[in-house]
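Report on the following structure.
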Amino acid sequence: MKTVYFDHAATTPLDERVLEAMMPYLKESYGNANSAHHLGQKSKSVVEEAREKVAKLIGAKPTEVVFTSGGTESDNAVIKGVLAVSEGKNEVVTSELEHHAVLHTVEMEKMHDIKPVFAEPRNCGTITADAVREVITENTALVTLMHVNNEIGTINPLSEIAEVCKEFDVPLHSDTVQSLGKIPVNVEELGLDFLSGSGHKIYGPKGVGIMYVRNGARWIPWMIGGSQERRRRGGTLNVPGIVGFAKALELSVQEMDENTRHYKNLRETLLTQLKQKLSVNVRVNGPQDKGAPHIVNLSFSDNDGNFISGEMLLQNLDIEGICVSNGSACTSGAMEPSHVLNGIGMDPDLANSSIRLSFGKQNTEEDIHYFVEKLDKILNRLFTVA
2 MKTVYFDHAA TTPLDERVLE AMMPYLKESY GNANSAHHLG QKSKSVVEEA REKVAKLIGA
62 KPTEVVFTSG GTESDNAVIK GVLAVSEGKN EVVTSELEHH AVLHTVEMEK MHDIKPVFAE
122 PRNCGTITAD AVREVITENT ALVTLMHVNN EIGTINPLSE IAEVCKEFDV PLHSDTVQSL
182 GKIPVNVEEL GLDFLSGSGH KIYGPKGVGI MYVRNGARWI PWMIGGSQER RRRGGTLNVP
242 GIVGFAKALE LSVQEMDENT RHYKNLRETL LTQLKQKLSV NVRVNGPQDK GAPHIVNLSF
302 SDNDGNFISG EMLLQNLDIE GICVSNGSAC TSGAMEPSHV LNGIGMDPDL ANSSIRLSFG
362 KQNTEEDIHY FVEKLDKILN RLFTVA
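Just so we're on the same page, our numbering is the position in the sequence shown counted from 1, plus 1.
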């Protein structure tokens, strides 16, 4: 059966060049980077080389880069670490469109009298600097807003938001899991104090990520138990993963322009084909043309106002070998509408009829044509029985 993979926002295949870079540290150079002998010191040396490479690619200093297990750990570590030294400030400004790694972490902090405050999104999902200004106060301990929304592709104006944060002397954190390696990410230009990133979203290995902590930022480590990462993150370093992350980010940045052109072409081809071939109504959720080009969120209805189940559509597409999502991979299988689509004010029935496509560099126009052909047949069948 032909397989068409349109779920790269959930995870990406490991780039062969990344695997090649990792292999020596999976086999012969297996030393613990905190060991004093020559094998350990070889591992330590390659970790520091990776740290310098990553720092340069995001506009940071090597001392500001902390290696973690991925975006979720980094989100948790930043939020909990900042709040632990918040000195009585008990509000966190965020949005209802954030990844659950942020939302659930902030909500869990309620037991410590932390209050989440939600900036209002525009209907396309953008959180503006003005929206942050309306809710930030002298009691705000942290502003945490993602760079690119993982479900609808909205790009938040972080540099403008950073100016508001500076006025109030409030640190700014961003989950850049969906932007790192796909659009330019420079911590100085964006005005970030903290950043989270993940390897497996950029053709790197799973189980490794980064946390950027600006030198001098008020924060204490969340994961303790060893002297690793200058006592900022306990645990034996994942040396092959760290090498793989650095190589994956390097390749993603080098090939960003080429990949962006490719994704834009796929998106244009998709939207043209949907308009020409589908006999039902299709809606693009989120930004129409100024979002991240690799993410497209679609909802469907017929002329009588009927809707179908996005979960059922996903399953029928899977039978045809087409892999898509109905939202974040972390919430796949949930029967309630996407919290992101709810957050931008979509009708629940329309939100329930949505799927997310996220392109990768191996996708082709042929994949788009195959998808639209199968989609049209499936939708006609599902609406007939709706």
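Each residue gets a CB set at the ideal place from its N, CA and C atoms; glycine is no exception.
Compute the distance between the beta-carbons of residue i and residue j, then report whether it is under 7 angstroms.
i	j	result
Ser75	Met257	no
Met210	Ile225	With the sequence shown as reference, residue 210 is identified as Gly, and Met is not the correct amino acid for it. Contact: no.
Val244	Ala51	yes
Val281	Leu275	no
Leu315	Asn327	yes
Ala249	Val19	yes
Asp194	Arg215	yes
Asn187	Gly60	yes
Ile323	Val5	yes
Asn298	Glu190	no
Met1	Asp114	No information on residue 1 is available, as it lies outside the stretch 2 to 387 that the chain covers here.
Val325	Phe7	yes
Ser339	Ser300	no
Asn286	Ile379	no
Gly192	Leu181	no
Thr270	Glu366	yes
Lys45	Ser30	no
Take residue i and list the residues in its own chain whose beta-carbon comes closer than 7 angstroms to its own, dropping the five residues that flank it on each side.
i	result
Tyr264	Pro294, His295 and Phe360
Pro63	Arg52, Glu53 and Ala56
Trp223	Asn77, Ala78, Lys81 and Gly82
Val117	According to the sequence displayed, residue 117 carries Pro and not Val. Taken in chain order, the residues that qualify are Val93, Thr95, Val107 and Glu108.
Gly41	Gly32, Asn33, Ala34 and Asn35
Ala22	Val244, Gly245 and Lys248
Name the DSSP bridge partner or partners of residue i?
i	result
Glu324	In the sequence as presented, Glu is not what sits at residue 324; that position holds Cys. Beta-bridge pairing links Cys324 to Tyr6.
Pro117	Val93
Val285	Leu299
His38	Note: His38 sits in no beta bridge, so no partner.
Thr145	His174
Leu196	Ser175 and Tyr213
Thr69	Gly210
Ser359	Asp8 and Ile296
Ile137	In the DSSP output, where bridge partners are listed per residue, Ile137 has none listed.
Phe308	Ser302
Ile80	In the DSSP output, where bridge partners are listed per residue, Ile80 has none listed.
Ile156	Val149
Ordered along the chain, which non-local residues of its own chain (more than five positions away) have a Cβ less than 8 angstroms from that of residue i?
i	result
Thr389	Past the edges of the chain, shown from 2 to 387, lies residue 389, and the structure says nothing about it.
Glu374	Lys278
Gly208	Ser70, Gly71, Gly200, His201, Asn239 and Gly242
Ser160	Glu190, Leu191 and Gly192
Glu164	Ala130 and Gly192
According to the neighbour-count rule (16 or more other Cβ atoms, all chains shown, within 10 Å of its Cβ), is residue i buried or exposed?
i	result
Met112	exposed
Ser228	exposed
Glu110	buried
Ala37	exposed
Asp368	buried
Asn381	exposed
Met2	exposed
Gln179	buried
Lys28	exposed
Gly1	This structure does not reach residue 1, given that the chain is present from 2 up to 387, and the question cannot be answered.
Arg268	buried
Gly346	exposed
Val386	exposed
Pro14	exposed
Leu376	buried
Excluding sequence positions up to five away, which residues of its chain have a Cβ less than 6 angstroms from the Cβ of residue i?
i	result
Ala330	A caution first: Ala330 carries a pLDDT of 47, below 50, which makes its placement in the model unreliable, though a value can still be read off. So the qualifying residues of the chain are Ala11.
Ala247	Ala51, Lys54 and Val55
Ser333	Because the pLDDT at Ser333 is just 47, under 50, the model does not fix this residue reliably, and the point stays unresolved.
Leu58	Leu250 and Val254
Ile162	Ala130 and Val133
Leu358	Phe7, Val297 and Val325
Self-check item: Three CB pairs or more closer than 8 angstroms across the stretch 126–143 and the stretch 71–87
Solution: yes
Quiz item: Does the stretch 230–250 come close enough to the stretch 99–113 that 3 or more CB-CB pairs lie under 8 angstroms?
Solution: no
Quiz item: For the 8 angstroms Cβ check, are there 3 or more pairs between the stretch 196–209 and the stretch 161–172?
Solution: no
Quiz item: Using 8 angstroms as the Cβ pair cut-off and three pairs as the minimum, do the stretch 105–112 and the stretch 131–140 touch?
Solution: no
Quiz item: Per the contact definition of three or more C-beta pairs closer than 8 angstroms, is the stretch 118–127 in contact with the stretch 300–313?
Solution: no
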